[in-house]
Ligand code: SF4
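Residue numbers (the working numbering), protein chains in the order written: chain A, 26 to 298; chain B, 63 to 537.
Structure, rendered in structure tokens:
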């Protein structure tokens with residue numbers, strides 16, 4: 026362990042090179058469910074010329090508290106995140122939802138000017154992964170092959186709070202062999218909504234089965250998206266229906282790391298990566 | 063109307079299982095959204111119109127007392143009378159009294175959401191008046207003894223077959239005995255029945271889309287022209303309107319009108335836009351002899367003073383519910399009161415209390431589609447979240463949820479324990495799922511599976527664990 030260091034650098038050096046220091050906010054869902062998404066994010070960020078670090082004291086963005094009315098709880102979690110992330114050049118999350126939450130932090134500190142200042146400073150350098158790659162790092166193509174027919178679900182928070190729509194499509198367009206079949210109603214919510222999906226499972230279930238029907242209609246082999254919450258929900262429904270569509274986070278495909286089983290797919294026998 | 067919002071959960075499940083309702087909802091689905099998108103796409107200045115509308119509404123709300131006074135003065139100058147109703151009860155009493163004083167028996171009504179809000183029809187019927195709704199949709203639900211399920215298309219939940227049955231049952235007494243199948247036939251038959259009612263009516267009651275302060279004019283939009291006949295044929299015209307409907311000038315009203323039709327139904331302009339100012343003047347060929355305006359507060363001044371002021375910008379276009387996936391799945395009746403969908407989920411708890419309607423602000427994924435299309439840029443998801451906060455502070459939510467949240471906050475603020483805990487969780491879930499890679503059920507997580515879906519299993523290791531190992535390997 027590096028004494029006194031909470032983050033572990035992955036870049037070539039921590040000296041005075043011009044590579045921006047990017048802290049990855051991996052998100053609680055990617056951490057628990059899909060480490061491959063975090064690894065894909067690191068790979069893409071490094072290819073975009075960044076030094077990636079992963080603050081070890083990171084946990085959750087606080088949305089469960091924030092969206093269920095516990096603003097004090099959300100502020101506690103947020104302080105923890107701000108302390109872990111504020112010293113980096115950028116904060117990047119492979120999720121529009123969590124990235125959007127980090128950007129909303131200043132709202133939690135309306136009566137604490139000091140913290141609000143810090144929250145704002147951090148929010149201003151926080152980005153969702155794909156839009157960071159394209160809009161900030163100027164990435165226009167990736168070096169990956171994925172010879173499949175895919176479709177794409179626009180997760181609501183990324184789409185509406187952060188304006189993410191074209192960016193993933195631009196990069197997907199440069200993946201060799203990939204064919205994108207647009208999803209009808211790609212901007213309609215899949216019914217995940219954080220705790221909504223367990224508070225109102227019947228309504229949520231209807232929404233996700235509508236989404237699954239639209240996905241099946243594209244005849245795509247693979248569904249991609251930028252938010253694991255939505256993807257778990259959709260993969261769960263597709264799996265229950267017994268269909269063939271596999272589900273991946275868009276970063277896994279862009280990084281050329283979609284060679285593992287998709288979300289909810291049977292596990293490969295030992296030997297796969 | 064007695065609120066039934068406390069039963070939202072049960073009602074939403076019934077709605078999902080009601081096959082006829084689902085047919086009606088599916089038919090309506092996307093129709094309005096597609097039309098709106100087309101109309102908005104054809105108007106390059108739509109976004110700047112929205113900004114202007116927000117400014118107009120904000121300015122008026124900041125000076126609401128001033129504009130209400132100006133409006134009331136102008137109404138009185140034109141020979142009309144203004145009544146102030148601070149509560150729903152006041153509003154009902156005032157309307158009943160006006161009708162009694164005029165010796166009326168038959169009353170026609172144009173569609174009015176504020177009328178539904180304060181329960182005008184019930185009060186009038188109790189007082190012995192015959193009340194007939196003249197908007198086709200309102201007429202249908204009146205026959206069915208149901209509340210509206212949408213603020214623009216109140217009978218959107220009815221199928222054609224159900225409407226044919228309703229007409230067949232209720233029109234026999236007028237000698238109309240044939241069972242109809244086609245929509246134009248039904249519209250014609252309703253017109254025929256309503257025509258006699260217009261002529262027999264003593265009082266006509268309408269709502270208002272806007273009240274113009276400079277001239278004391280009220281504006282209503284309809285697609286059937288029923289508003290014109292309701293306000294001009296009877297000898298008494300009563301306008302019922304919430305106090306937030308006032309705008310300073312006719313110019314302002316026209317800005318808002320350009321947004322209203324497009325946002326509501328995708329029309330550049332509704333078929334009829336009716337302006338009424340005071341009673342018939344000497345020399346006028348038609349118009350009522352008496353002109354009354356009932357200005358209704360019913361909680362609006364409270365909203366004006368708190369975090370929900372922005373909700374008073376609402377022009378009741380219905381775009382938010384037309385784009386709401388929850389509304390689209392369950393329809394309007396599940397919400398249990400007058401206003402459904404996103405705007406209703408803000409208004410209902412404010413009107414009937416969070417204890418009664420606490421489910422409504424929670425039954426939302428915060429996907430933001432409503433706010434994206436709201437012509438007056440009301441941040442509906444933020445307001446819903448504010449209501450959730452209020453509910454949390456009042457300790458009205460479910461206890462296990464509170465405990466769960468408290469535990470999660472503790473967990474997320476103890477990173478070392480968090481890393482260990484998530485590591486164990488990921489490992490265990492992956493082991494339990496085994497080769498299959500997903501769960502079909504799991505104890506204590508029944509709600510997830512009640513949504514008709516499996517739960518994908520984790521890959522096995524947490525990202526943090528993989529990363530730390532990788533860093534050690536490098537070091
Ligand atoms: S909240 Fe906005 S979108 Fe909904 S009815 Fe009111 S004005 Fe229309």
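We put the beta carbon where it would ideally sit given N, CA and C, even for glycine.
Partner residues on chain A for residue i, Cβ-Cβ distance less than 7 Å
i: residue 362(B); result: Within 7 Å Cβ-Cβ: nothing; residue 362(B) doesn't reach chain A, min ~24 Å.
i: residue 498(B); result: 291
i: residue 76(B); result: The premise fails here: residue 76(B) is roughly 10 Å from chain A at the closest Cβ pair, so nothing lies under 7 Å.
Secondary structure of residue i, DSSP reduced to three states
i: residue 145(B); result: strand
i: residue 427(B); result: coil
i: residue 373(B); result: helix
i: residue 304(B); result: strand
i: residue 170(A); result: strand
i: residue 274(A); result: strand
i: residue 51(A); result: coil
i: residue 168(B); result: strand
i: residue 280(B); result: strand
i: residue 44(A); result: coil
i: residue 189(A); result: coil
i: residue 191(B); result: coil
i: residue 299(A); result: In this structure chain A extends from 26 to 298, so residue 299(A) is not present and cannot be described.
i: residue 475(B); result: coil
i: residue 177(B); result: helix
i: residue 266(B); result: strand
i: residue 153(A); result: strand
i: residue 337(B); result: strand
i: residue 215(B); result: coil
i: residue 353(B); result: strand
i: residue 57(B); result: The structure shown does not extend to residue 57(B), since chain B spans only 63 to 537, so no value can be given for it.
i: residue 385(B); result: coil
i: residue 272(B); result: strand
Contact with chain B by residue i, beta-carbon distance below 8 Å
i: residue 144(A); result: no
i: residue 224(A); result: yes
i: residue 93(A); result: yes
i: residue 188(A); result: no
i: residue 123(A); result: no
i: residue 243(A); result: no
i: residue 286(A); result: yes
i: residue 229(A); result: yes
i: residue 260(A); result: yes
i: residue 264(A); result: yes
i: residue 117(A); result: no
i: residue 269(A); result: no
Listed by chain order, chain B residues near residue i by CB distance under 7 Å
i: residue 232(A); result: 387 and 391
i: residue 159(A); result: By Cβ distance, chain B contributes nothing, its closest Cβ being about 22 Å from residue 159(A), past 7 Å.
i: residue 89(A); result: 467 and 470
Residue i: CB within 7 Å of a non-hydrogen atom of ligand 2
i: residue 436(B); result: With respect to ligand 2, the structure offers nothing, as its ligand set consists of ligand 1.
Listed by chain order, chain B residues near residue i by CB distance under 8 Å
i: residue 105(A); result: 474, 475 and 477
i: residue 63(A); result: 525, 528 and 529
is_contact[residue i, chain A] using C-beta, thresh 8 Å
i: residue 467(B); result: yes
i: residue 428(B); result: yes
i: residue 212(B); result: no
i: residue 68(B); result: no
i: residue 371(B); result: no
i: residue 528(B); result: yes
i: residue 453(B); result: yes
i: residue 383(B); result: no
Residue i: contacting residues in chain A (beta-carbon distance under 9 Å)
i: residue 236(B); result: Those do not exist, as residue 236(B) stays about 41 Å from chain A at its closest Cβ, beyond 9 Å.
i: residue 289(B); result: Here the premise fails: no neighbours, minimum Cβ distance about 34 Å.
i: residue 487(B); result: 57
Interface residues of chain A facing residue i [CB-CB closer than 8 Å]
i: residue 524(B); result: 56, 57 and 60
### Query
When you check each C-beta in the region 203-227 of chain A against every C-beta of chain B, which residues fall closer than 7 Å?
213, 214, 216, 217, 218, 221, 222, 223, 224, 225, 226 and 227
### Message
If the cut-off is 8 Å on Cβ atoms, which residues from the region 70-81 of chain A count as contacting chain B, listed in chain order?
### Response
79 and 81
### Task
Identify each residue in the region 503-522 of chain B for which the Cβ-Cβ distance to at least one residue of chain A is less than 9 Å, and report them in chain order.
507, 508, 509, 510, 511, 512, 513, 514, 515, 516, 517, 518, 519, 520, 521 and 522
### Task
Jot down the residue ranges of each uninterrupted beta strand (DSSP E) in the region 68-118 of chain A, minimum 3 residues, whole runs only, in chain order.
76-78 and 115-118
### Task
Compile a chain-ordered list of the residues in the region 149-175 of chain A whose CB is closer than 8 Å to at least one CB of chain B.
none
### Query
According to a CB-to-CB cut-off of less than 8 Å, which residues of the region 336-362 of chain B neighbour chain A?
none
### Task
Please name the residues in the region 235-255 of chain B whose beta-carbon is closer than 7 Å to at least one beta-carbon of chain A, in chain order.
none
### Query
Which runs of the alpha helix (DSSP H) fall wholly inside the region 476-515 of chain B and span at least 4 residues, in chain order?
477-495 and 508-512
### Message
So within the region 230-260 of chain A, which uninterrupted alpha helix (DSSP H) runs reach at least 4 residues, ignoring any that extend past its ends?
### Response
none
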